[in-house]
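>
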Amino acid sequence: LEPYIDARTMEIHYDKHHRAYFTNYVNAVKGTALENSPIENVFSGISKAGDAVRNNGGGYYNHTLFWNNLKKGSGKPSSELSDAITKTFGSFDNFKELFSTAGKTRFGSGWAWLYLTSEKKLAIGSTPNQDNPLMDVSAIKGTPLLALDVWEHAYYLKYQNRRPEYVEAFWNVVNWDEVSKRYKLAM
Ligand code: MN3
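The sequence shown: position 33 = 51 (our numbering), numbered continuously.
#1: Starting from Asp-167 and walking both ways along the alpha helix (DSSP H), at which residues does that stretch end?
#2: Taking Cβ positions, are Gly-128 and Val-168 nearer each other than 8 Å?
#3: Find the nearest neighbour of Ala-120 within the set Leu-88, Val-44 and Pro-182, judged by alpha-carbon distance.
#4: So does Trp-169 have its beta carbon nearer than 7 Å to some heavy atom of the ligand MN3?
#5: Hey, out of Lys-202, Tyr-39 and Leu-99, whose CA is closest to His-81's CA?
#6: Is Ala-38 near the ligand MN3, going by C-beta to nearest heavy atom under 7 Å?
#7: Report the option in Thr-27, Glu-29, Leu-83 and Gln-148 whose CA atom is closest to the CA atom of Ile-64.
#8: Excluding five sequence neighbours on each side, which residues of the same chain lie with their C-beta closer than 7 Å to the C-beta of Lys-176?
#9: What three-state label does DSSP hand Gly-143 in the structure shown?
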């Protein structure tokens, strides 16, 4: 993903941060009724699950989405997704600007999302911490299609405080094949 996202950041992000969320999530659900639940079902009742499950389950799941929606050499959305983006947001450039703004303006740590609502409409928003649109506690709700991690650990080594530069660089490494696949499945 160089030069847009540097290797050292990704090593630490994947091998330390993501691994810790995964390990802590497994430990948090071990021996509970949630242990064998699909994680989507855990999220739909997350308000009853406690902070360890919420934070680590979100951290585990959100990063898995994020790695898979990154790719060297970006590509383009499918014609179906491209049409829906244009119809919903006016133009592809306007979509990018709205999504970028969601990432740049999320105060503190969190995520920017393109997601599909239960009415099958595209929408853009952000969540704090490791929350996501599948969680019953989330202010935005739907099926995640594109995720951007805006925690400082995602960019600080290369970009320091310049989150907007990281957000702009992200567009060079979006795996549109994966996002298009998620859109098709969610529709
Ligand atoms: Mn992260």
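Ideal placement from N, C-alpha and C gives every residue a C-beta, glycine not left out. Only a predicted model underlies this, so the values are computations on that prediction, with no experimental measurement involved.
Inspection of the coordinates gives the following:
#1: For Asp-167, no alpha helix (DSSP H) run applies; the uninterrupted beta strand (DSSP E) run containing it begins and ends at 161 to 167, by DSSP.
#2: Yes. Within cutoff.
#3: For the residues Leu-88, Val-44 and Pro-182, the minimum Cα distance to Ala-120 belongs to Pro-182.
#4: At least one heavy atom of the ligand MN3 sits closer than 7 Å to the Cβ of Trp-169.
#5: The shortest C-alpha separation from His-81 is found at Tyr-39.
#6: Not under cutoff, so the answer is no.
#7: The candidate whose alpha carbon is nearest that of Ile-64 is Gln-148.
#8: Cβ neighbours of Lys-176 within its own chain (closer than 7 Å, five residues either side excluded): Asp-24 and Thr-27.
#9: Here Gly-143 sits in strand by DSSP.
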